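S.K.: Residue numbers (my numbering): 2 to 565.
Take a look at the following structure, please.
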């Protein structure tokens, strides 16, 4: 069998890795305060794979033989575990369903081609057999881009790109790296680092997502202020389509009609199978550090981020959490000891003496990269702006801790699920002028939704990914369900998404559309925009072979999404 590794079927990450609160004294009190949960309370029974009722594969023996002839026996499977792993991504909706054994439709066969030539053969075989292809990278998607439609009657192939994981070549003179689409973040970064380069793209899902997946969903990374989003980083593409390979050459810029490259970016597998991405890479900086700052209020933090974006400063990371997320961040910290403990206590006394409400103060991280001189200059520029908006610097220590645990947050969601709780995220972007109102509207909409379903809920946010005209706001929400988990989730999620649209934000900044956000797409890009996009899909894939039903839905917008 293939040696491609996957995340656990019932949660985030690898088996044996989990969130633990024993060394975080503030976490249990926080959970009790925010959600009424106690970590020591009896947990939900752990999911057992043997209890799942997995639908039988619908793939015929003849079709399996055709696929096997392409890749070999060890790289084609219809076993239950592989098909379940490839059924969903890792949203809260996905995890609730898979833990409950709700498997309306699974892929019928999973195949692991070794290269682009084998991908082409699989695509052509699928078209000839009128089968469905769903490309699969790391499986980290959280908007329903991976699951087969429940009503699909054709054979469904999950085409796993995990064997296409190499950095093929680096054009050292241009800083362009050709990377196979199935390369996951840590693997591709390690290959680049050996030659002194970095891609600079570090999304929250970095450890379990692929460069092809980043392109397919228009991903953003934590250091996008310096390196850009994946739409800026991806310069060239190779996409397998029926009988051909669509090739976008890596050139600095081009005037060649409507951008086909832009059509592939964010297409979520609907236009073909991405097999290779040429990306802009950068020399590893001499110095890299993240400084932490505190602001008295969210308003102060937002104003500082806006001014930093307009200044001559060029940070790699600009992030500020609201007061609620700041409280959460401190609650997930390990106990301070010795001098560190004294410093922490002294800071609290100092802030209160300045009249700060420490429940409302906001923690910010600013990243700097480059030469010693460049970093020093940027720190001075940012320091003056922070001070102007009432903030103070608190050093590199908190930033170093943030850097170490930045990819660990998804494990907390599994921890909450084990306690019977639910947690998920929604993100948007909007112009600076609309961000304060959008934030207030989302918080109000979420809390109204919590009241509507009769639960104690918690919502918090941070700003990240700053642009000259605006920024991304990233919301995390959690609650303890009192009834049907998915029905209650829909109420909260719909309230948040509709608040985005009503407040001038977009349906998604970097997670994509999939099935989860499709009901709001028309409100976001207009009826005319959806018509153009549908025309593209209909023309490029008239047989509906590639990941059908994603991004554009034929279903009406749910009533909950349209309420005031």
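Beta carbons are placed, not taken as given, at the ideal position from N, Cα and C, and that holds for glycine.
Since we're looking at a predicted model, the values are computed, not measured.
1. According to DSSP, simplified to helix, strand and coil, what is residue 472?
2. CB residue 430 to CB residue 363, shorter than 8 Å?
3. Nearest-angstrom Cα distance between residue 544 and residue 242?
4. What does residue 501 pair with, by DSSP beta-bridge criteria?
5. Which of the three DSSP states, helix, strand or coil, is assigned to residue 203?
6. Just how far apart, CA to CA, sit residue 303 and residue 289?
7. List the endpoints of the continuous alpha helix (DSSP H) containing residue 460.
8. If you pair each beta-carbon of the region 214-231 with each one of the region 518-530, do three or more pairs fall below 8 Å?
9. Using the Cα positions of residue 305 and residue 76, report the straight-line distance between them to the nearest angstrom.
10. Would you mind stating whether residue 315 and residue 379 have Cβ atoms separated by less than 8 Å?
11. In the DSSP assignment, find the alpha helix (DSSP H) that holds residue 169 and state where it starts and stops.
12. In chain order, what residues of the same chain have a beta carbon less than 8 Å from the beta carbon of residue 44, not counting five sequence neighbours either side?
13. Any chance you could list the alpha helix (DSSP H) runs of at least 4 consecutive residues sitting entirely within the region 115-170, in chain order?
14. Are there three or more Cβ pairs, one per stretch, closer than 8 Å when the region 502-511 is compared with the region 458-475?
15. So what's residue 404 in DSSP terms, helix, strand or just coil?
16. What does residue 396 pair with, by DSSP beta-bridge criteria?
17. Would you mind giving the Cβ-Cβ distance between residue 278 and residue 238, rounded to the nearest angstrom? I have them listed as a contact below 8 Å.
18. Only counting the same chain, and skipping five residues up and downstream in sequence, which positions put a Cβ closer than 6 Å to that of residue 110?
19. Count Cβ pairs between the region 59-73 and the region 30-38 that sit closer than 8 Å; are there 3 or more?
20. With a cut-off of 8 Å on the beta carbons, I'd call residue 81 and residue 89 a contact; round off their distance for me.
21. Out of 176, 356, 122, point me to the one whose CA is closest to residue 194's CA.
22. Using 8 Å as the limit for Cβ to Cβ distance, is residue 275 near chain C?
23. Span of the beta strand (DSSP E) holding residue 235?
24. Mapping the DSSP letters down to three states, classify residue 366 as helix, strand or coil.
25. If you compare alpha carbons, which of 235, 446, 36, 294 is closest to residue 265?
26. Starting from residue 452, trace the alpha helix (DSSP H) both ways and give me its first and last residue.
27. Can you tell me whether DSSP reads residue 180 as helix, strand or coil?
28. I'd like to confirm the pairing. Which residues does DSSP put opposite residue 81 in its beta bridges?
M.R.: Looking at the coordinates:
1. strand
2. no
3. 12 Å
4. DSSP output for residue 501 lists no bridge partner at all.
5. coil
6. 24 Å
7. Run containing residue 460: none in the alpha helix (DSSP H); it sits in the beta strand (DSSP E), 458-467.
8. no
9. 52 Å
10. yes
11. Note, residue 169: premise wrong, no alpha helix (DSSP H); beta strand (DSSP E) at 168-172.
12. 419, 420, 421
13. 117-130
14. yes
15. helix
16. 293
17. 6 Å
18. 60, 79, 158
19. no
20. With a Cβ gap of about 14 Å, residue 81 and residue 89 do not count as contacting.
21. 176
22. Judged by its chain identifiers, the structure shown contains no chain C, having just a single protein chain.
23. 235-242
24. strand
25. 235
26. 436-454
27. strand
28. None; residue 81 has no bridge partner.
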